[in-house]
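K.L.:
Here it is, the structure, as structure tokens.
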Amino acid sequence: MTRFFLVDIHYTIEAGKAILRLYGRDGKGKPVTLKDENFEPYFYVVCDDPAGLEDLKEDDFHVTKVEKEEKLLLEKPVTAYKVYVNLPTAVPVLRELAKDIGQTLEDDVLFARRYLIDKGLTPLDLVEAEVEGDSIKTIKAETGTYTPKGLAFDIETYTPPDRKEIDYDNPIIMIAVYAPDYQKVLTWKKAKGAEVLDSEKAMLERFVDVVKAYDPDILTGYASDGFDLPYLLARCKKLKVPLALGKDGSSVITKGRSRQEARITGIAHVDLYKFIRRVLGRTMKTQSFSLNNVSQELLGEKKQEVDLDNIGSAWDAGKIDEFVEYNLQDTKLTYNLMLKVWPSLLEMTKIVGLPLFDASRLSFSQFVEWYMMKKAFSMNELFPAKPGYREQTRRMGQRAQGGYVYEPEPGVYDNIAVYDYRSLYPSIIVSHNISPGTVNCECCKGKIPEHDMHFCKKKQGFVSGVIKELLDYRTTIKKQSQKNKDVVLEARAYALKVLLNSFYGYLGFAMARWYSTQCVEAITAYARHYVKDVIAKAEKQGFAVRYGDTDSCMLELGKKTEKDAKKFLQLVNKGLADPMELELEDVFPAGIWVATKGTAQGAKKRYALLDKEGNLKIRGFESVRRNAAVIARKTQQELLMIVLKDRDKEKAVKLVKDTVDKLRKNELPIEDVVITTQVQKTTDKYESVGPHVAAAKLMENKGRTVKKGTIVAYIVKKGEGKIRDRVQLAEDARQGEYDGEYYITNSLVPAVENILSVLGVSPESITEATQQTTLAGF
DNA sequence: TATAGGCATACGACAACTCTCGC
DNA sequence: CCGAGAGTTGTCGTATGCCT
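Residue numbers (the working numbering): 1 to 778.
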């Protein structure tokens with residue numbers, strides 16, 4: 001009996017047979033490599049008459065056996081034929097032939113993943129196998145905790161002083177690896193603190209040896225999918241060095257062009273940039289996901305500044321000591337980031353049941369889908385097929401109504417009680433049993449709000465059942481972690497939250513297997529119903545409703561107390577079915593809502609609240625948008641503070657007047673007038689060329705690459721005509737070059753006028769008044 | 001190889017309109 | 001008086017980035 005922690009899995013074809021290889025480590029830290037030759041590839045065919053299935057063949061591919069099974073498809077019983085084939089690569093070929101006989105299903109599940117699902121194995125968890133030599137006879141999942149061996153790495157490349165482009169013709173000049181007990185910097189020119197090799201080629205060979213010597217389970221880099229590993233691979237190819245990091249001696253394999261991935265057999269390669277950006281990005285403050293910014297936010301550590309632009313000339317001059325230090329520092333930060341996100345990454349991997357390599361690269365929809373597939377297998381549900389192109393297009397044409405937003409009345413109000421439904425969409429799904437298979441059942445009757453449909457009340461649905469289990473589990477975890485604070489439990493609760501919050505979007509996602517417009521429409525219809533219900537109840541109780549969006553409701557307490565606010569909470573909750581629950585987030589001493597530009601109507605999704613500690617919670621305003629001019633953001637934020645906290649109209653007016661004045665006199669530094677915008681496509685794809693596109697083109701003219709996601713920073717110069725003809729890159733802008741009047745009328749005034757008008761101050765009085773002062777000075 | 005829809009805002013593209021000027 | 005061209009105004013579409 002062998003017990004080990006599973007790190008990676010992968011298959012090869014040997015002598016016409018598929019062999020799975022499992023890579024891991026036993027409790028003593030010894031590497032384990034086992035093979036399983038007894039797992040056969042298969043797919044399903046749903047049909048009335050299975051005749052001909054056994055005879056399917058093409059070239060070397062053939063069917064080995066066919067078994068009849070009673071399964072469920074979208075929660076309805078069906079007879080399915082399990083068609084075993086001789087090779088994993090036979091599946092896509094023979095399924096095409098099988099389409100003449102019936103509907104094929106589960107014909108697109110990668111072989112190694114199929115193995116994990118069918119055996120119920122969870123990577124990074126304990127596995128118990130009965131073996132003969134290195135061959136697995138039986139295998140099953142156990143539970144245990146293991147901390148894998150991680151190694152961080154980072155490369156530095158030669159860049160000529162005049163160019164910044166990635167060019168594989170330039171050599172790699174330095175490679176660093178870091179683990180707390182293993183640190184090395186390799187280079188091929190004399191340098192302090194580094195291991196100096198004879199040539200780039202020797203350094204690359206040494207790098208492979210260095211990694212192999214440490215024998216990590218995880219190799220991690222920052223943006224290593226798109227940069228470090230493809231670069232290493234390109235240089236190795238050129239210098240004829242095998243980049244054989246794989247545990248089976250295989251080379252690193254890169255896949256994809258726009259979204260590159262680099263895989264190493266037997267070792268989980270984790271690109272932390274990808275994981276952090278995708279999973280934690282939403283909740284992070286930073287605008288840019290550079291290693292420096294991310295470390296700053298997550299670790300509170302900043303790396304030492306080094307002028308990377310000069311790395312080329314420093315290398316030519318042989319003065320690279322500081323780059324050695326920098327290189328190692330980068331790997332150390334990467335390693336520490338890995339430690340920081342490890343609990344979340346581990347929990348996500350365990351929940352979804354995919355190898356770490358895949359789990360660390362999951363999109364939200366994949367997270368849901370793979371979890372559903374794991375659950376479907378255990379509940380005898382067939383995986384619905386992925387939609388074809390036509391079906392996807394049809395789905396994209398469908399549009400479901402979303403959440404309800406209450407139109408606020410512009411004004412400043414005191415004592416705002418903020419309520420929201422806890423996990424509204426998931427709890428609606430559970431309390432109303434919303435699932436693709438429970439829609440309009442024969443056994444029940446009824447009608448949901450706004451739609452002529454109903455959901456079964458007797459039989460537990462598949463999707464609603466899965467979510468119910470997750471919600472219950474999350475509640476248990478939360479209770480446990482309240483008792484004693486634990487990083488693991490917190491990470492698990494977070495992973496569950498991410499998963500739960502993704503289900504609704506997944507059900508409406510055109511490429512989803514478990515797509516259902518009916519479910520999406522029902523969920524949002526119920527949500528609108530419940531929010532409007534709170535609003536109606538609040539009004540009936542004599543509260544002034546100030547705002548509400550999707551799952552929230554904000555009430556002005558007026559003469560009522562916090563005690564009344566809590567009583568109201570109980571009143572609403574009394575009428576709610578489990579697990580639905582309204583929560584009172586907090587009572588805020590003050591709040592402001594404004595009108596939309598040029599109208600008297602209240603603006604939705606733009607408001608600010610002052611909490612009891614005196615902090616602002618700003619939503620939607622320019623202050624929280626990166627594509628507004630810095631000065632407009634700063635001034636607006638200060639203004640909101642003055643309005644809500646100081647309650648000083650004079651001070652508010654003075655702030656804006658002074659700022660207008662400074663802009664007119666060109667007194668503000670360049671960084672205050674910078675506008676940053678992210679380009680969403682390459683510059684040639686724009687139909688309409690706005691200022692940020694013009695700025696992006698300026699970058700391209702300087703030889704810089706602009707791709708989807710590039711952030712451009714620019715200012716607007718003085719002059720006539722279109723704004724786009726007056727942009728200048730922030731980095732090239734000179735003091736005195738910006739157009740103060742532009743910023744006053746297009747940035748500052750729009751950002752403050754609707755706040756000022758709540759106080760009864762017209763924007764004209766602000767700009768005119770300063771004009772008078774300048775005239776007086778004149 | 002985008003989880004969803006709702007919303008505000010800025011600016012360009014384009015058409016319609018006004019104004020000016022020369023004949 | 002008319003017609004050309006410049007300039008202005010208004011509407012619509014594109015684009016970004018936020019909120020829940």
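Using N, Cα and C, we set each Cβ at its ideal position, and we do this for glycine too.
Note that the structure is a prediction, hence the values are computed from the model and not measured.
Can you tell me which residues form a DSSP beta bridge with Val-716?
P.N.:
Counting from 1 along the first sequence, the entry for residue 716 is found at position 716. Val-727, per the DSSP bridge assignment.
K.L.:
Any chance the stretch 672–691 sits against the stretch 619–632, with 3 or more Cβ pairs inside 8 Å?
P.N.:
They touch, by the three-pair rule.
K.L.:
If you reduce the DSSP assignment to three classes, tell me which class Glu-442 lands in.
P.N.:
For this step, residue 442 is matched to residue 442 along the first sequence. Correct three-state label for Glu-442: coil.
K.L.:
Assuming contact is defined by CB atoms lying nearer than 7 Å, are Val-210 and Lys-184 in contact in what I supplied?
P.N.:
On the first sequence, residue 210 is found 210 positions in, with the first residue counted as 1. On the first sequence, residue 184 is found 184 positions in, with the first residue counted as 1. Yes, the Cβ-Cβ distance between Val-210 and Lys-184 is below 7 Å.
K.L.:
Quick one: what's got a C-beta closer than 8 Å to Val-693's C-beta in the same chain, skipping five residues either side?
P.N.:
Position 693 of the first sequence, counted from the start, is the residue given in the question as residue 693. Once the five neighbours on either side are set aside, the close Cβ partners of Val-693 are Val-679, Thr-683, Tyr-686 and Arg-724.
K.L.:
For my contact list, Gly-221 and Ala-152 are in at a C-beta cut-off of 8 Å; report their separation, rounded to the angstrom.
P.N.:
As a first step, residue 221 is located in the first sequence; it is residue number 221 there, counting from the start. As a first step, residue 152 is located in the first sequence; it is residue number 152 there, counting from the start. The pair is a contact, with the Cβ atoms about 7 Å apart (cut-off 8 Å).
K.L.:
Would the stretch 531–538 count as touching the stretch 481–497 if we require 3 or more Cβ pairs under 8 Å?
P.N.:
As far as the Cβ criterion goes, the stretch 531–538 does not touch the stretch 481–497, which means the pair count is below three.
K.L.:
Straight-line CA distance for Ile-467 to Gln-735?
P.N.:
Indexing the first sequence from 1 puts residue 467 at position 467. Indexing the first sequence from 1 puts residue 735 at position 735. Distance between the alpha carbons of Ile-467 and Gln-735 is about 57 Å.
K.L.:
Please report how far the alpha carbon of Val-782 lies from the alpha carbon of Cys-456, in whole angstroms.
P.N.:
The structure shown does not extend to residue 782, since the chain is modelled only from 1 through 778, so no value can be given for it.
K.L.:
Just to check my reading of the structure: Lys-82 and Tyr-23 have Cβ atoms closer than 8 Å, yes? What is that Cβ distance to the nearest angstrom?
P.N.:
As a working mapping, residue 82 is identified with position 82 in the first sequence. As a working mapping, residue 23 is identified with position 23 in the first sequence. Going by Cβ atoms, the distance from Lys-82 to Tyr-23 rounds to 29 Å, so no, they are not a contact pair.
K.L.:
Enumerate in chain order the residues of its own chain whose CB-to-CB distance from Lys-76 is below 8 Å, with the five nearest sequence positions on each side excluded.
P.N.:
Here the question's residue 76 lines up with position 76 in the first sequence. Gly-437, listed in sequence order.
K.L.:
Note the first and the last residue of the continuous alpha helix (DSSP H) segment covering His-529.
P.N.:
Translated into the one-based positions of the first sequence, residue 529 becomes position 529. Residues 517–540.
K.L.:
Buried or exposed: where does Gly-133 fall if 16 or more other Cβ atoms within 10 Å of its Cβ makes it buried?
P.N.:
As a working mapping, residue 133 is identified with position 133 in the first sequence. By the neighbour-count rule (16 or more Cβ atoms within 10 Å), Gly-133 is not buried but exposed.
K.L.:
I need the DSSP call for Asn-310, collapsed to helix, strand or coil.
P.N.:
Sequence index remark: in the first sequence, residue 310 carries index 310 (1-based). Note: Asn-310 maps to helix in three-state DSSP.
K.L.:
Excluding five sequence neighbours on each side, which residues of the same chain lie with their C-beta closer than 8 Å to the C-beta of Pro-161?
P.N.:
Within the first sequence, numbered from 1, the residue matching residue 161 stands at position 161. Contacts found: Asp-309, Asn-310, Gly-312 and Ser-313.
K.L.:
Report all residues from its chain with a CB closer than 7 Å to the CB of Ala-230; omit the five preceding and five following residues, and keep chain order.
P.N.:
Residue numbering aside, residue 230 sits at position 230 when the first sequence is read from its first letter. For the sequence presented, residue 230 should be read as Pro rather than Ala. For Pro-230, where only same-chain residues beyond five positions count, the Cβ hits under 7 Å are Thr-254, Gln-260 and Ala-262.
K.L.:
For Gly-29 and Tyr-473, I'd like the C-alpha separation in whole angstroms.
P.N.:
Walking along the first sequence from the start, residue 29 turns up at place 29. Walking along the first sequence from the start, residue 473 turns up at place 473. Computed Cα separation, rounded: 32 Å.
K.L.:
Going along the chain, which residues of its own chain have a beta-carbon closer than 7 Å to the beta-carbon of Ser-516, five neighbours each way excluded?
P.N.:
Counted from its first residue, the first sequence places residue 516 at position 516. Around Ser-516: Pro-436 and Leu-507.
K.L.:
Would you check if there are 3 or more beta carbon pairs closer than 8 Å linking the stretch 143–158 to the stretch 166–184?
P.N.:
With the cut-off at 8 Å, the stretch 143–158 and the stretch 166–184 touch.
K.L.:
Quick check: what's the CA-CA separation for Gln-601 versus Val-594?
P.N.:
In the first sequence, residue 601 corresponds to position 601, counting from 1. In the first sequence, residue 594 corresponds to position 594, counting from 1. Roughly 8 Å between the two C-alpha positions.
K.L.:
Closer than 6 Å: is that where the CB of Asp-118 sits relative to any heavy atom of the ligand SAH?
P.N.:
Within the structure as shown, the ligand SAH is missing, as the structure has no ligands at all.
K.L.:
Just reading off the alpha helix (DSSP H) that Asp-330 is part of, what are its end residues?
P.N.:
One-based indexing of the first sequence puts residue 330 at position 330. Asp-330 -> alpha helix (DSSP H) spans 321–352.
K.L.:
Based on the DSSP output, what are the partners of Leu-22 in its beta bridges?
P.N.:
Taking the first residue of the first sequence as position 1, residue 22 is located at position 22. The partner list for Leu-22 (beta bridge, DSSP) reads Ile-9 and Leu-34.
K.L.:
Tell me which same chain residues have a C-beta within less than 7 Å of the C-beta of Ala-730, skipping the five on either side of it?
P.N.:
Position 730 of the first sequence, counting from 1, holds the residue named residue 730. Here the set comprises Ile-670, Val-674, Ala-713, Tyr-714 and Ile-715.
K.L.:
Measure the alpha-carbon distance for Gln-636 versus Asp-215 and round it to whole angstroms.
P.N.:
Position 636 of the first sequence, counted from the start, is the residue given in the question as residue 636. Position 215 of the first sequence, counted from the start, is the residue given in the question as residue 215. Cα to Cα, the separation comes out at about 54 Å.
K.L.:
Which residues does DSSP list as the beta-bridge partners of Pro-77?
P.N.:
In the first sequence, counting from the first residue as 1, residue 77 sits at position 77. Leu-72.
K.L.:
Assess, as a yes-or-no matter, whether the stretch 391–408 is touched by the stretch 544–554 under the definition of 3 or more beta carbon pairs within less than 8 Å.
P.N.:
Because the criterion of three Cβ pairs below 8 Å is met, the stretch 544–554 and the stretch 391–408 touch.
K.L.:
So, Leu-616 versus Gly-591, is the Cβ gap smaller than 7 Å?
P.N.:
Working through the first sequence from its first residue, we reach residue 616 at position 616. Working through the first sequence from its first residue, we reach residue 591 at position 591. In this structure, Gly-591 does not lie closer than 7 Å to Leu-616 by Cβ.
K.L.:
Tell me, please, whether the stretch 445–453 touches the stretch 53–67 by the rule of three or more beta-carbon pairs shorter than 8 Å.
P.N.:
No contact exists between the stretch 445–453 and the stretch 53–67.
K.L.:
Quick check on the burial criterion: 16 or more other C-beta atoms within 10 angstroms. Buried or exposed for Tyr-389?
P.N.:
For the purposes of this step, residue 389 is identified with residue 389 of the first sequence, where counting begins at 1. Tyr-389 is exposed by the Cβ-count criterion.
K.L.:
Using 8 Å for Cβ pairs, my map puts Ser-363 next to Val-270. What's the rounded Cβ distance?
P.N.:
Counting from one through the first sequence, the residue named residue 363 turns up at place 363. Counting from one through the first sequence, the residue named residue 270 turns up at place 270. With a Cβ gap of about 16 Å, Ser-363 and Val-270 do not count as contacting.
K.L.:
Going by other Cβ atoms of all chains shown within 10 Å of its Cβ, with 16 needed for buried, is Ala-776 buried or exposed?
P.N.:
Here residue 776 refers to the residue found at position 776 when the first sequence is read from its first residue. Because Ala-776 carries a pLDDT of 33, less than 50, the predicted location of this residue cannot be relied on, and the following value inherits that uncertainty. Exposed: under 16 other Cβ atoms inside 10 Å.
K.L.:
Within the continuous alpha helix (DSSP H) that includes Asp-236, where are the two ends?
P.N.:
Within the first sequence, residue 236 is the residue found at index 236, counting from 1. In the sequence as displayed, the identity of residue 236 is Cys instead of Asp. That run of the alpha helix (DSSP H) goes 229–239.
K.L.:
With C-beta atoms as the reference, is Pro-384 less than 7 Å away from Arg-513?
P.N.:
On the first sequence, residue 384 is found 384 positions in, with the first residue counted as 1. On the first sequence, residue 513 is found 513 positions in, with the first residue counted as 1. The answer is yes: Cβ separation under 7 Å.
K.L.:
Arg-647: buried (16+ other C-beta within 10 angstroms of its C-beta) or exposed?
P.N.:
One-based indexing of the first sequence puts residue 647 at position 647. Exposed: under 16 other Cβ atoms inside 10 Å.
K.L.:
Around the Cβ of Asp-358, are there at least 16 other Cβ atoms within 10 angstroms (buried) or fewer (exposed)?
P.N.:
For the purposes of this step, residue 358 is identified with residue 358 of the first sequence, where counting begins at 1. By the 10 Å Cβ count, Asp-358 comes out buried.
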